[in-house]
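Everything below concerns the one structure shown next.
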Amino acid sequence: MRDRFVRRKARSAGRALWLPILGGLAVALSLTSCDYVRLLRPSVLKQLRPPMVRLVDFLPELDEQNKAIVGRLFATGGLAEATTGADAVMRAAIRIRKDQLIYEPSIVVMPNGGELELTITNEDEAVHVIYLPSNGQRQVLVLLQQKAGTARLRLDAPGLYTLACPVGNHAGRGELGVIIVRGDTPASARLDRPPQLRPGR
Ligand SMILES: [Cu+2]
Numbered sequence: 004m005r006d007r008f009v010r011r012k013a014r015s016a017g018r019a020l021w022l023p024i025l026g027g028l029a030v031a032l033s034l035t036s037c038d039y040v041r042l043l044r045p046s047v048l049k050q051l052r053p054p055m056v057r058l059v060d061f062l063p064e065l066d067e068q069n070k071a072i073v074g075r076l077f078a079t080g081g082l083a084e085a086t087t088g089a090d091a092v093m094r095a096a097i098r099i100r101k102d103q104l105i106y107e108p109s110i111v112v113m114p115n116g117g118e119l120e121l122t123i124t125n126e127d128e129a130v131h132v133i134y135l136p137s138n139g140q141r142q143v144l145v146l147l148q149q150k151a152g153t154a155r156l157r158l159d160a161p162g163l164y165t166l167a168c169p170v171g172n173h174a175g176r177g178e179l180g181v182i183i184v185r186g187d188t189p190a191s192a193r194l195d196r197p198p199q200l201r202p203g204r
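Mapping of the sequence shown onto this note's numbering: residues 4 to 204, in sequence order.
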């Protein structure tokens with residue numbers, strides 16, 4: 004009787020030992036089939052310097068304060084790529100969900116420089132005013148409650164541009180966005196100076 008009990012305990016202990024191993028294998032297999040496994044590359048891991056680790060640790064802490072601040076931007080806003088229409092105009096849409104104070108997506112990627120038609124829908128109970136970049140100038144979209152608006156932006160140079168709402172402390176609480184324009188800078192617009200003549204040569 005006691006032997007049977009001991010054998011049963013040994014079997015369940017064996018199972019207890021194998022379960023985490025099998026679980027680990029399942030997680031490893033699922034990771035290899037998704038993009039996250041790329042985060043384990045040495046080039047990414049070597050970026051885990053103390054300041055970067057502090058940043059990654061700090062952002063969720065910010066989020067704990069009131070669930071509606073800038074710490075949420077990277078984690079929950081998301082990213083969308085603009086689609087290019089037959090007219091060569093790129094298009095993307097952003098939502099401002101009720102009581103969220105965050106753009107969804109927070110990051111819009113343009114595949115190249117050009118014209119972006121950006122539609123922003125305000126599903127919130129507050130008025131939002133969006134400052135948008137357009138080739139060194141600013142466009143402003145005033146969005147009343149439950150209303151949408153569309154802006155045509157011209158962003159010819161590759162780079163990173165920001166949009167934000169100046170109402171109250173909305174931007175500080177997470178209502179910030181980024182437009183990334185991909186592509187190479189044309190030679191005519193590069194800041195590299197050609198070789199300069201020097202005196203005495
Ligand atoms: Cu706002």
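Backbone N, C-alpha and C define an ideal beta-carbon position, used for all residues, glycine too.
- Annotated three-state conformation of S109 is coil, per DSSP.
- Our two residues, L121 and V59, have alpha carbons roughly 30 Å apart in a direct line.
- Under the three-state reduction of DSSP, L42 is assigned to helix.
- Bounds of any beta strand (DSSP E) do not take in A129, whose DSSP letter is neither H nor E.
- Contact annotation: A154 and L135 have beta-carbon atoms nearer than 7 Å.
- The closest heavy atom of ligand 1 lies less than 6 Å from the beta carbon of V170.
- Nearest to P114 by alpha-carbon distance, out of L144, A160, P108, is A160.
- A residue is called buried once 16 or more other Cβ atoms fall within 10 Å of its Cβ, and P108 is buried on that count.
- Taking a C-beta distance under 7 Å as the contact criterion, I133 and L119 do not qualify as a contact pair.
- The C-alpha of Q142 lies about 17 Å from the C-alpha of V184.
- For L144, the uninterrupted beta strand (DSSP E) segment begins and ends at 140-146.
- The closest CA to that of K101, considering only V130, N138, L166, R157, is found on V130.
- Shown here for E178: same chain residues with a beta carbon closer than 6 Å to its own, the five before and five after excluded, namely L104, C168 in chain order.
- In the three-state DSSP reduction, L179 falls in the strand class (E or B).
- Note that the C-beta distance between A85 and R94 is below 7 Å.
- In the structure shown, P136 falls within a strand segment according to DSSP collapsed to helix, strand and coil.
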